[in-house]
Structure formats: C-alpha cells, structure tokens
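The opening residue of the sequence shown carries number 11 in our numbering; numbering runs sequentially from there. For glycine and all other residues, C-beta sits at the position ideal for the given N, C-alpha and C. Below: one structure, written as structure tokens.
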Amino acid sequence: MLHKNRLFTPGPTPLLPAAQTAMASFTAHHRTADFKALFQRVLADMKEFIGTKNDVLVLACSGTGVMEASVSNLTSPGDKVLVLTAGKFGERWTGLAKAFGCNVDVLSVPYGETFSLEDIRARVTPNVRAVFVQATESSTGARHDVQGIAKIVRAQGDDTLLVVDAITGLGTTHLDVDDWGVDVIIGGSQKALMMPPGLAYCAVSERAWKRMDATTSPRFYFDMRKERKSAAKGETAYTPATSLFAALGAALEFVRGMGKGDLAKGREELVNNAELCAEMTRAGAKALGLKLYASTPAAALTAISAPDGLDSGKIVKEFRESFDAVVANGQGEMKGKLFRIAHIGYYDYLDTIGILGALEHVLARVTDKSVEYGVSVRAAQQVYARSHEVALAAR
Ligand SMILES: *Cc1c(COP(=O)(O)O)cnc(C)c1O
11 MLHKNRLFTP GPTPLLPAAQ TAMASFTAHH RTADFKALFQ RVLADMKEFI
61 GTKNDVLVLA CSGTGVMEAS VSNLTSPGDK VLVLTAGKFG ERWTGLAKAF
111 GCNVDVLSVP YGETFSLEDI RARVTPNVRA VFVQATESST GARHDVQGIA
161 KIVRAQGDDT LLVVDAITGL GTTHLDVDDW GVDVIIGGSQ KALMMPPGLA
211 YCAVSERAWK RMDATTSPRF YFDMRKERKS AAKGETAYTP ATSLFAALGA
261 ALEFVRGMGK GDLAKGREEL VNNAELCAEM TRAGAKALGL KLYASTPAAA
311 LTAISAPDGL DSGKIVKEFR ESFDAVVANG QGEMKGKLFR IAHIGYYDYL
361 DTIGILGALE HVLARVTDKS VEYGVSVRAA QQVYARSHEV ALAAR
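Written out as structure tokens, the structure reads:
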C-alpha cells in the first residue's frame, strides 16, 4: 500500500499546511515596517495563546534555550533551587541548574509517577529561590499538578519563583498562568503550535522581571531584559527567525479560527482536542490489554508499556515499516520499555482512529497473541461518541 509519512512524536509534531506556506513565501527583512507589524501582532497573540497578561518573549532556539535562559536570568551561583523531576526533562532542569552553579535540591519520583504535594510542601522552604518543574513530562507521559504546585510556591510569598516547562503542556493542557501565579512558563514551536522547531517562547511575571535585576549568573544572547526592551520597540535584540515568525502568525490565525475569531477560545478548543484524542487513545490501548506507563496520564501524549517480554523498539519499527508512522520509543533507561503516541497540536479524529487501527496490525505482527481487530478502534469511537453527545446536548 501507499504510505504517508506521519509523525506521532511528542515534538516535532505534524506541520500546519498554512504555516508551511507562510514560511515559504516570507521574504521581509527584519528591520522593516512589515516585519515589525507581524512581530507585534504575534507577540500580542501569543499572550492570548498562553493565556496571560505577562510579557511574552519569542526567541530563536529550541525549548532548552529558554529553559537555560530562565535559569541564567533568575538565579545567581550558590542560590538554593528546587527541581521536581519525574523523567528525562526534569533531569534537564537539574543539569541546567547545576551548570549555572545553583545549590540544587532534587525531589524525584520514579519514572511514570508524579509528585505528592505533601512532599513538595516540605521542600519549598523560604530560602528556595526558584522551583523548576514540567507541566507534562514528555518522556513518561505523566501530567503534573501545576495548580497544586503553584499554590504551595505562592504561599511562600514573592521570594520563591515558579518556573514551568510547559513545552508540551501549552496547547494541550488547561493552565491558568496568571491566576495560579506561574512566574515563567515556557513553550516551543515544534509542539502544539504545529510548526517546525526553531522558536521557543515564555511568559514572564513582574516578580521574575524584578528578580533579574539582582541575579549575577552570566548571560548574553539569552538576556531576557534586553529582549524585553527591544520588544517594547517592536524589535528583537538580534536577527529573529523571520520565516518562523511568519509560520507562527499563520498558526495563531488557525487557532483563532478554531475559536471562531476568538484566540483564547481557540486555545481552549485546541486543548480539548488534545484531551479527547488522548482519552480515545487511552481507551483504545486498554481495550487491547495494554498498560499505560504513567499513573496520571497527560493529554499531550500517551505512553504505553510494551507487553511483557517485548522490546518496544519492535513496535516502533513495525509502525515505521508497515505504515510510515513515527511513534517514539522510551528515552534513556526507558528505551525498549514503552512507546509514545502524541496528540500535540495538529491531530484529529482520523489520526487517532488511524494510529489505533495500525496499532492492532502492529501488535498482531510483533506478538504471538491473537488480536481481535477493531477492539481499540471501537473503544475510541465510544469515547468520541460520548463526548459528541455531551457537546450536542450543550448546544
Ligand atoms: C520537547 C521538550 C523540551 C524541549 O526540547 P528541545 O529539544 O530543546 O526543543 C523540553 N521539555 C519538554 C517537556 C519537552 O517535551
């Protein structure tokens, strides 16, 4: 059969055609009125996409660049910080904070699990200058309770900042950044924004801007204050990734369209879409007797444990060879133990049903158990039908 190459990975994600066209045709120089208009519109729209009144920065780098910027801008060497880690991306926070000389307290839970708020409360003491966490841990598929964590951090007052890597959380998960009091929230272009890698963004609270005047860690390209000053004039400090800004403009228009002209509503629609695709996928996996890897599964992706005795790499390989569908293996120590199907950004009903249908064929090939065709698809359809009835009743 003919194969279409499709990504089901937690970044990069499928590209929005309108974003690709916008990129391909964009030629404006970055110090022109045309680019300035695009840049200012995009920054204003990004506030709506994130759901914040805080200033937003969009930088030319991958997500890790802005993770690093939040460490270098908000801490000084020797500062005590708390890292909450439940996987490979949590471990990245530890590595970054150590690289900048922080005194790092690490609260870790086993892969696949999330934190107990009681444990966090005991570790967030007044001398902790910043707490770093993920909204969704993309390596395990776990969802963390950002609202609960924010409540604990905010109870400490203004001297403790909360930095959330929501790189796969934004656009897939309901996050009330300002109400909860998240100081820095971070996203990346290659996730729910349906664009290629290359841009990362963040929203920064007044508390965090104030902190930057006192911190002494080295920074130059990633000096957030410099970018904020330039942005206020409608410019970037250095050459922006101009064509990616054009793609971002188109992606935001698409999300606005999902909200029938209201970008904030469109963002909620995008989140609901991810939640529903995830629920369908979980139901499909369970119907096949598979186990979910995460105890509190995220909407961004579904991590599924390989059946006992089977290397998940075989599943990943079979998806690729039979269907040209790219699903992700486990990372690091989790390699071979699980596979990950993402629902971040540009996914719909047919993608979800399609990957589950393919999963049944893949399992029939790589295991010696018989597979009853249609069981996972049916389970997913039932989830969809139920949610559709609810939506119709609400109309
Ligand atoms: C994708 C991702 C990142 C960023 O990785 P980059 O490769 O630097 O873009 C960070 N955190 C999480 C949770 C992610 O999913």
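Apart from the five residues on each side of it in sequence, which residues of its chain come closer than 8 Å, Cβ to Cβ, to residue i?
i: Asp115; result: Lys90, Val91, Leu92, Val93, Arg133, Val138
i: Gly346; result: Ala316, Asp321, Ser322, Gly323, Asn339, Gly340
i: Gly376; result: The question names Gly, but residue 376 in the sequence shown is Val. Excluding positions up to five away in sequence, the list reads Leu320, Lys324, Ile325, Glu328.
With a threshold of 7 Å (Cβ to nearest heavy atom), would residue i be considered close to ligand 1?
i: Phe142; result: no
i: Ile177; result: yes
i: Gly198; result: yes
i: Thr74; result: yes
i: Ser118; result: no
i: Ser148; result: yes
i: Phe99; result: yes
i: Lys296; result: no
i: Pro20; result: yes
i: Pro317; result: no
i: Pro459; result: In this structure the chain extends from 11 to 405, so residue 459 is not present and cannot be described.
Going by beta carbon distance, what residues of the same chain come within less than 7 Å of residue i, once the five residues before and after it are set aside?
i: Gly88; result: Gly111, Asn113
i: Ile130; result: Leu94, Leu117, Ile159, Ile162
i: Lys14; result: Asp334
i: Phe18; result: Ala335, Val336, Val337, Ile351, Ala352, Ile365
i: Gly342; result: Lys98
So residue i and residue j are in contact, right, with Cβ under 8 Å, and what is the actual spacing, rounded?
i: Ala288; j: Thr252; result: Contact doesn't hold; Cβ gap of about 34 Å is too wide.
i: Tyr356; j: Met222; result: With 8 Å as the limit, Tyr356 and Met222 do not qualify as a contact, their Cβ atoms being about 35 Å apart.
i: Glu370; j: Leu298; result: 7 Å
Within 10 Å of its beta-carbon, does residue i have 16 or more other beta-carbons around it, so buried, or fewer, so exposed?
i: Thr182; result: buried
i: Val400; result: exposed
i: Tyr121; result: buried
i: His398; result: exposed
i: Asp44; result: exposed
i: Gly276; result: buried
i: Tyr303; result: buried
i: Leu171; result: buried
i: Ser80; result: buried
i: Glu128; result: exposed
i: Met344; result: buried
Near residue i, which residues of its chain fall below 6 Å by C-beta distance, leaving aside the five closest residues on each side in sequence?
i: Gly198; result: Gly73, Ile177, Ala210
i: Trp103; result: Val93, Phe142
i: Leu286; result: Ser397
i: Val381; result: Glu370, Leu373, Ala374
i: Val393; result: Glu289, Met290, Ala293
- Runs of beta strand (DSSP E) wholly within the stretch 194-273 (minimum 3 residues, chain order): 194-198, 209-214
- Item | Start-end ranges of the alpha helix (DSSP H) lying completely within the stretch 25-91, minimum 4 residues | Counting whole runs of 4 or more residues, the stretch 25-91 contains the alpha helix (DSSP H) stretches 27-35, 43-60, 73-84.
- Task: For the stretch 321-366, list the beta strand (DSSP E) runs that are entirely contained and at least 3 residues long, ordered along the chain.
- Result: Runs of the beta strand (DSSP E) inside the stretch 321-366: 348-352.
- Runs of beta strand (DSSP E) wholly within the stretch 80-147 (minimum 3 residues, chain order): 90-95, 113-118, 140-144
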